[in-house]
Structure formats: structure tokens, C-alpha cells
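Only one structure is covered here, and it is reproduced in the block below.
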Amino acid sequence: MEAAVDFSEKAVFTGPLPCFSPDGKLIALAQEYRLVVREVETLAVVGLFSCLDRIEALSWSPCGELILCGMYTHGTAQVFSIVDSEWNCSVTEGLAGICNARWCPSCEDILLTAEFQVKLSVWSLVDQNCRNLPPPKHPEAGIAFSPDGTQLAVLERLECKDWLAVYDTSCWELISHSLLPTTDAADISWSPDGSCVACWDSPAQGPLLCILDPTDSDNNTPMAIHHGTSYGLGFKSVAWSPSGQLLVVGSYEQDASVLNNVTWTALAGFHHANVITGPASVLVYQEEIENGRFDGEQHYGRSVHDNGNTIKGRDALKNNGAVPSPRKPPTAFSRPENLPKLAIPAMGSGGPSGPSSSRASSPMKSPSNSSRGENNNRSSPRKAPLSARGGPHRSSAVATLAGQLDNPASLLGDIPDSSTSQYIISELPLKLPAARAATDRPSPKIGVSIAIWSPDGAFLATRCDDRPNIMWVWDSSKLELASVLIQAAPIRAAEWAPSQPHRLAVACASGRVYFWTPNGASCAHVPVQGMKVTSLKWCADGSALMVAGRDTFVCAHLTLAGGFGGIAA
Numbered sequence: 163m164e165a166a167v168d169f170s171e172k173a174v175f176t177g178p179l180p181c182f183s184p185d186g187k188l189i190a191l192a193q194e195y196r197l198v199v200r201e202v203e204t205l206a207v208v209g210l211f212s213c214l215d216r217i218e219a220l221s222w223s224p225c226g227e228l229i230l231c232g233m234y235t236h237g238t239a240q241v242f243s244i245v246d247s248e249w250n251c252s253v254t255e256g257l258a259g260i261c262n263a264r265w266c267p268s269c270e271d272i273l274l275t276a277e278f279q280v281k282l283s284v285w286s287l288v289d290q291n292c293r294n295l296p297p298p299k300h301p302e303a304g305i306a307f308s309p310d311g312t313q314l315a316v317l318e319r320l321e322c323k324d325w326l327a328v329y330d331t332s333c334w335e336l337i338s339h340s341l342l343p344t345t346d347a348a349d350i351s352w353s354p355d356g357s358c359v360a361c362w363d364s365p366a367q368g369p370l371l372c373i374l375d376p377t378d379s380d381n382n383t384p385m386a387i388h389h390g391t392s393y394g395l396g397f398k399s400v401a402w403s404p405s406g407q408l409l410v411v412g413s414y415e416q417d418a419s420v421l422n423n424v425t426w427t428a429l430a431g432f433h434h435a436n437v438i439t440g441p442a443s444v445l446v447y448q449e450e451i452e453n454g455r456f457d458g459e460q461h462y463g464r465s466v467h468d469n470g471n472t473i474k475g476r477d478a479l480k481n482n483g484a485v486p487s488p489r490k491p492p493t494a495f496s497r498p499e500n501l502p503k504l505a506i507p508a509m510g511s512g513g514p515s516g517p518s519s520s521r522a523s524s525p526m527k528s529p530s531n532s533s534r535g536e537n538n539n540r541s542s543p544r545k546a547p548l549s550a551r552g553g554p555h556r557s558s559a560v561a562t563l564a565g566q567l568d569n570p571a572s573l574l575g576d577i578p579d580s581s582t583s584q585y586i587i588s589e590l591p592l593k594l595p596a597a598r599a600a601t602d603r604p605s606p607k608i609g610v611s612i613a614i615w616s617p618d619g620a621f622l623a624t625r626c627d628d629r630p631n632i633m634w635v636w637d638s639s640k641l642e643l644a645s646v647l648i649q650a651a652p653i654r655a656a657e658w659a660p661s662q663p664h665r666l667a668v669a670c671a672s673g674r675v676y677f678w679t680p681n682g683a684s685c686a687h688v689p690v691q692g693m694k695v696t697s698l699k700w701c702a703d704g705s706a707l708m709v710a711g712r713d714t715f716v717c718a719h720l721t722l723a724g725g726f727g728g729i730a731a
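Using the working numbering, the letters of the sequence shown correspond one by one to residues 163 to 731.
This is the structure:
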């Protein structure tokens, strides 16, 4: 059983992040005024188009045949076809300008927001007609299509009051126009089944969230109103579960409440505590950074007790029948295209390498099921003496982590490219250093800014801005904490894999990509010199992961023979 990450050659982009086509076979990127379309598997160029100005926004049509480019400085939007390279169109709003452009679900229309939100325009690519809608409240937020694409909901501001307008996308006629109980509505979100719309107030107005029927505007009465648990700032993040049965709201008070769609009351409150005490099954993975050359031994370290003897680090895994020592790749990264494929046997296997690949690769490993089971066995004391928890090396890592959290500025520093990384499973209870947010400055870094559900709704991943290097993973079926990732640097992006619903990818502005599954955590080194991963994006079928830095990206392909981390591919 093998698990490895194959990386493509690097490619350069400017402006917006590259984006996958709906079928996941192509990726579009901007290079100044040029639109470049590449194959995901090989990154070979299959399309090249010239725009009128520097590209500032990029998006594929839902059908995957057209690409929309926004040149907001020029006040223009252009559309190109990958099926017919001779066809293209350009839309200019004149003095009104353009501050946002997006596709309509039909693929035959584009929706443009003028500067200062003076109007909302629907341009037809078929008959070149334009339909003007009333001005929206926000340029981008507060405008959302229903999941089936038949309705468009728009936040409006009329006579100092918030309104929700719902349009029929087949004819762009107004369906309903509802007065909202909010003081200053911030955004809206459709439920996955399209039966209701969630709308919440801005942080300055307090925690107010209302649930509305998009087709009922007769009595202007919301289906439900949720006031939160405090009278401080409002909600920072709102996310529906894939089934629509649960709605999580992340507050500025470091809590996330899970509401049900029957009574619209809180089923549970996920508190990001200073001390992690349980439950008994929770696993806390703490990243350690070692300066030096990359030696290919990115292992998990943990201490276990075997008949009174202490076994530390990688030796603990070896004695549990887990990962054998991998082969060492070249230490230089100046020519990543010449790096050989590194096939790292996964848990419980010592098999040969997998199929050969022209892409450079980086190893991934996860704890074995046997070692995980031993960790969950509470017959032996979990809190061991310092020597039994990894010795002075682990102690210094904990001290370094505490110093970084006490001084948030230190978290912004770069991790050397030559450093190596490993995860240590920490013993419980684990005390986290007190968060210190600069509340005396505008827009302090506090609150739950990331709240994302796994594709099947089984897990919820959250991150608080006052502890930006910690990712919390919650089990929605048990409504309890499942796992915690403590990174050495702030978490910049996180996204669940679509086709493998229990795999979470994390980026921390380092030269690595991190993965979590219920059976373990791992990291993969990106073989590109100087690249700091700040953005991640899975393609629709989960076969590829775009790993992007400031102006460079690669495509990562997970090679899974028999599954990774105990989950079948």
C-alpha cells in the first residue's frame, strides 16, 4: 500500500488565482494581459488568448466551454471559447465601469456589477441584449444564485433599510421583495436545497441571523431569527452543511454554534478552548520544524510505552510495524524536474514503488491503525514524564510554539526552504498559550474566520484568527472535537477534497502542503525552490490539487494504491 504526492512542473501566473475547468481537465491562468489554458495532467498549453488589458478576474462557465475575464480598471469584461478559438466577445459598461463579473447558471448570460453599485446588469451572449436590475447593496457579497440556478437573490438598500430581492433567472422578473430585520446586512447564503436563504448582520450591529423563505414576501416575516449567545460583535463566518440540515455560525468570541433546520436553535457550541482535555479519542498533531537539508524522512514522532520501556519518535512507528526508512532523494532543489519519484510505503506495507511518473513527487505518511489504536487505549497514563514525551527535542518545540503564539508577529516569518517537518502526537491534556489579539487596533484578528464542512458533512474544520496556526476538526455526528492540527506557521488556506470527503488539505505559507484524514496527518514538500504555498484548490473530481504561491503554482496529484490513511481511493 503506497501513498505519494506527484507534483507537476511549476507555472507562472499573475493576478487572480488559476482556476480549474468544471471537468477538472483544464486549468486557466492569467499572465498580464494573456489568458493561458493548460492541461492539468501535463500543464501543456492548449489555448492562448490576448485581452485588452491586465486580467483582474477569471472564471469558467458552468458548461466548461467559455472563460470570463474581468478587466475592471479598463471597465471591460471579455469572454473566450476553448471550443472555437475564433469566437470572443467584449462587454463595456462605459462610465459606470465594472467592479465585479460573474457567470449566470445558464452559461448564456453574465452578471456585471457597476462601480459604486449604481446598477446590476445581465448581458446576454446570445442576442447581446442587456437587462438592468436595481442596484445591489454590495459589489460582490449579497448576490447569490440558488443551487439549481433558477433564482437570483440580491441584497438591496432602500430608504435606509435592508431588502432581499429574488429574481427568476429564466426571464429576470421579480419573484419576491422582502424587508429584512437586519440593521446592516452583510451577506446571504442559500441552503443546499434552495428552500431558504440565510442573511446575517454586519459585525458592528451584533449577532443577528435570519432565515427567509425566498418566495414569500407577503408578510415580511422571517422563518426564524437567531440572536447568538452574546451581545458583542456579530458573526464572522456562516456555512451550511451539504445536506442543509445544519448551519454553523462562527462568532467573534471564538465559538462556533451549530443550528438545526427544524427549530433553528443551537444543537451544540464548539468552543476553541485554551486547554484541550478530550474527548478520549481526540488526536492532537503538532508540527515540528528542523532546519537543515531535506532528507526525505518526514515521519510522525510519538512516544508509546511498551512494557515500561519508552520508545521515541520514528522508532515508535517502526516498532508498531509501520513506516520503514524511506530512500533519500537529492538534497538540492535547483532542478526539481530531475528529482526521481519517491514512493513511500504507507502503513503496514513494505511493498515496492508504484508506477513511474514524469512528475516530481514528495512523500506522505500517516500513522498506522495499530499505533492509533494504542494511542486511544487509556489503560496506560497518557501524560508521561518529559523524557517519555519525546525528550528535550520535543520540549524545545513546545517552548518555541508558545513563544510564537505569544508573539504573533513571529508567526509571519518564513520557514527556511531547507527545513524538514514532522508531526508529533501530543499528550493530553494540552494547554495552549493564551491568545493575544491586538484589540486596540482596527479590525483585530479575532473570531472564527474559517468554517468549512467536509463534502459528506461528517466533519467541520474551523480556525480562529487569534490562533491562526491551529486547525480544529469537529465530528458532526458526535458533536465533539475529533482532531487538532497545530502548525508552525499561520494557516493561510484549507479545503476538503471533493471525491475523498474525509481528506483536508492545508497551506501555511511554507514549502509544504499538509493533509489530514481521520486516520492520520501528513505533509508533502513542494519541490520548487523558494515557493511559499498560500492557496489551495481541488478540481471538481478531486484528482488534482492546485498548490499556489504568490506568482507560481504546481498541480499535485495523489498517487493512491489501496488508499491513503486507511481510506480507499
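All C-beta atoms, glycine included, are put in the ideal place defined by N, C-alpha and C.
Compare the C-alpha of M693 against each of D168, A166 and K172 and name the closest. As a working note, residue 693 is residue 531 in the sequence shown. The residue with the shortest Cα to Cα distance from M693 is K172.
Are the beta-carbon atoms belonging to G619 and L408 less than 9 angstroms from one another? As a working note, residue 619 is residue 457 in the sequence shown. As a working note, residue 408 is residue 246 in the sequence shown. At a Cβ-Cβ threshold of 9 angstroms, G619 and L408 count as neighbours.
How big is the Cα-Cα spacing for P180 and I189? Position 18 of the sequence shown, counted from the start, is the residue given in the question as residue 180. Position 27 of the sequence shown, counted from the start, is the residue given in the question as residue 189. Computed Cα separation, rounded: 7 angstroms.
Compute the Euclidean distance between the alpha carbons of G256 and V716, then round it to the nearest angstrom. As a position in the sequence shown, residue 256 is number 94, starting the count at 1. As a position in the sequence shown, residue 716 is number 554, starting the count at 1. Near 38 angstroms, if we compare the C-alpha coordinates of V716 and G256.
For a quick check, are the C-beta atoms of S413 and G390 less than 9 angstroms apart? Reading the sequence shown from its first residue, position 251 is the one you call residue 413. Reading the sequence shown from its first residue, position 228 is the one you call residue 390. Contact annotation: S413 and G390 have beta-carbon atoms nearer than 9 angstroms.
Below 8 angstroms on the Cβ atoms is my guess for A655 versus S611; work out the distance and round it to an integer in Å. For the purposes of this step, residue 655 is taken as residue 493 along the sequence shown, with counting starting at 1. For the purposes of this step, residue 611 is taken as residue 449 along the sequence shown, with counting starting at 1. In this structure A655 is not in contact with S611, their Cβ atoms being roughly 11 angstroms apart against a cut-off of 8 angstroms.
Report the three-state DSSP secondary structure of F432 (helix, strand or coil). Sequence index remark: in the sequence shown, residue 432 carries index 270 (1-based). Strand.
For T721 and G704, the rounded distance between their alpha carbons: By one-based count along the sequence shown, residue 704 stands at place 542. By one-based count along the sequence shown, residue 721 stands at place 559. Note on geometry: alpha-carbon atoms of G704 and T721 lie some 12 angstroms from one another.
For the beta strand (DSSP E) that contains W634, what are its first and last residues? To locate residue 634, count along the sequence shown from 1; it is residue 472. I632 to D637 is the span of the beta strand (DSSP E), which, as asked, contains W634.
Would the beta-carbon of A706 fall within 9 angstroms of that of F182? As a first step, residue 706 must be located in the sequence shown, where it is residue number 544. As a first step, residue 182 must be located in the sequence shown, where it is residue number 20. Yes; because the gap between Cβ atoms is below 9 angstroms, this pair is in contact.
Measuring alpha carbon to alpha carbon, tell me which residue in F397, N436, V328 and S403 is nearest A418. As a working note, residue 418 is residue 256 in the sequence shown. Cα-wise, what sits closest to A418 is F397.
Could you name the residues of the same chain whose beta carbon sits closer than 7 angstroms to that of S616, not counting the 5 residues immediately before and after it, in chain order? Translated into positions along the sequence shown, residue 616 becomes position 454. Excluding sequence neighbours, S616 sits near W658, P663 and H664.
Alpha-carbon to alpha-carbon, L214 and V410: The residue you call residue 410 lines up with position 248 of the sequence shown. The residue you call residue 214 lines up with position 52 of the sequence shown. Straight-line Cα distance between these residues: approximately 42 angstroms.
To the nearest angstrom, how far is the alpha carbon of I632 from that of I350? Sequence index remark: in the sequence shown, residue 632 carries index 470 (1-based). Sequence index remark: in the sequence shown, residue 350 carries index 188 (1-based). I632 and I350: Cα-Cα distance of roughly 27 angstroms.
What are the partner residues of K649, as DSSP defines its beta bridges? As a working note, residue 649 is residue 487 in the sequence shown. Before going further, note that residue 649 is Gln rather than Lys in the sequence given. Q649 pairs with nothing; no bridge assigned.
Just to confirm, is the Cβ distance from F621 to L666 under 9 angstroms? Numbered from its first residue, the sequence shown carries residue 621 at position 459. Numbered from its first residue, the sequence shown carries residue 666 at position 504. Contact flag set, yes.
In whole angstroms, what is the alpha-carbon distance linking T562 and L594? The residue labelled residue 562 in the question sits at position 400 within the sequence shown. The residue labelled residue 594 in the question sits at position 432 within the sequence shown. The pLDDT assigned to T562 is 36, lower than 50, so where the model puts this residue is not dependable; a value taken from the coordinates is nonetheless given after this. Distance between the alpha carbons of T562 and L594: 12 angstroms.
With 16 as the cutoff for other CB atoms within 10 Å, does S332 come out buried or exposed? Residue mapping note: residue 332 aligns to position 170 of the sequence shown, counting from 1. So S332 ends up on the exposed side.
I need the straight-line Cα distance from P630 to V446, nearest angstrom please. Position 468 of the sequence shown, counting from 1, holds the residue named residue 630. Position 284 of the sequence shown, counting from 1, holds the residue named residue 446. The straight-line gap separating the alpha-carbon atoms of P630 and V446 is approximately 16 angstroms.
Reduced DSSP secondary structure (H/G/I, E/B, other) of L592: Sequence index remark: in the sequence shown, residue 592 carries index 430 (1-based). Of the three classes helix, strand and coil, the one that applies to L592 here is strand, per DSSP.
Note down the Cα distance separating A360 from P689, rounded to an integer number of angstroms. Start at 1 with the first residue of the sequence shown, and residue 360 comes out as number 198. Start at 1 with the first residue of the sequence shown, and residue 689 comes out as number 527. About 43 angstroms.
What would DSSP say about L257, mapped onto helix, strand or coil? Taking the first residue of the sequence shown as 1, we reach residue 257 at position 95. L257 sits in a helix when the DSSP states are folded into three classes.
Candidates L592, P354 and P296: closest to L336 by CA position: Translated into the one-based positions of the sequence shown, residue 336 becomes position 174. Of the listed residues, the one whose Cα sits closest to L336 is P296.
Anticipated Cβ contact below 8 angstroms, N262 with E302, distance rounded: Here the question's residue 262 lines up with position 100 in the sequence shown. Here the question's residue 302 lines up with position 140 in the sequence shown. Sure, about 5 angstroms apart at Cβ, within 8 angstroms.
Buried/exposed call for F169, threshold 16 Cβ in 10 Å: Here residue 169 corresponds to residue number 7 of the sequence shown, with the count starting at 1. Buried, because 16 or more other Cβ atoms sit within 10 Å of the Cβ of F169.
Can you name, in chain order, every residue of its own chain whose Cβ lies under 6 angstroms from the Cβ of I648, other than the five neighbours on each side? Here residue 648 refers to the residue found at position 486 when the sequence shown is read from its first residue. Counting only Cβ-Cβ distances below 6 angstroms, and skipping sequence neighbours, we find Q448 and I632.
Just the C-alpha distance for I130 and T714, rounded to the nearest angstrom, thanks. It is not possible to answer for residue 130, since the shown part of the chain is limited to 163 through 731.
Around the Cβ of A315, are there at least 16 other Cβ atoms within 10 angstroms (buried) or fewer (exposed)? Here residue 315 corresponds to residue number 153 of the sequence shown, with the count starting at 1. It counts as buried.
So, at 7 angstroms on beta carbons, what are the nonlocal neighbours of P184 in its own chain, with the 5 sequence-adjacent residues on each side left out? Reading the sequence shown from its first residue, position 22 is the one you call residue 184. Taking P184 as the centre and dropping the five residues before and after it, the same chain places the C-beta of W222, P224, G226 and A702 closer than 7 angstroms to its C-beta, in chain order.
Limits of the unbroken beta strand (DSSP E) element including G209: For the purposes of this step, residue 209 is taken as the residue at position 47 of the sequence shown. For G209, the enclosing beta strand (DSSP E) has its first and last residue at V207 to S212.
Classify A596 as buried or exposed, calling it buried when 16 or more other Cβ atoms lie within 10 Å of its own Cβ. Taking the first residue of the sequence shown as position 1, residue 596 is located at position 434. It is exposed - the Cβ of A596 has fewer than 16 other Cβ atoms within 10 Å.
Are T235 and R216 closer than 9 angstroms when you measure CB to CB? Mapped onto the sequence shown, residue 235 falls at position 73. Mapped onto the sequence shown, residue 216 falls at position 54. Yes, the pair counts as a contact, with Cβ atoms nearer than the cut-off.
How long is the line joining the alpha carbons of A306 and C266, rounded to whole angstroms? Locating residue 306 in the sequence shown gives position 144, counting from the first residue. Locating residue 266 in the sequence shown gives position 104, counting from the first residue. In this structure, the straight-line span from the alpha carbon of A306 to that of C266 is close to 10 angstroms.
Rounded separation between S364 and F242 - CA only: If you number the sequence shown from 1, residue 364 lands on position 202. If you number the sequence shown from 1, residue 242 lands on position 80. Going from the Cα of S364 to the Cα of F242 covers about 37 angstroms.
So P376 and V328 are supposed to be a Cβ contact under 8 angstroms. How far apart are they, rounded? Along the sequence shown, read from residue 1 onward, the residue named residue 376 stands at position 214. Along the sequence shown, read from residue 1 onward, the residue named residue 328 stands at position 166. Sure, about 5 angstroms apart at Cβ, within 8 angstroms.
Distance, W426 Cα to A347 Cα: Numbered from its first residue, the sequence shown carries residue 347 at position 185. Numbered from its first residue, the sequence shown carries residue 426 at position 264. Their backbone Cα atoms lie some 19 angstroms apart in a straight line.
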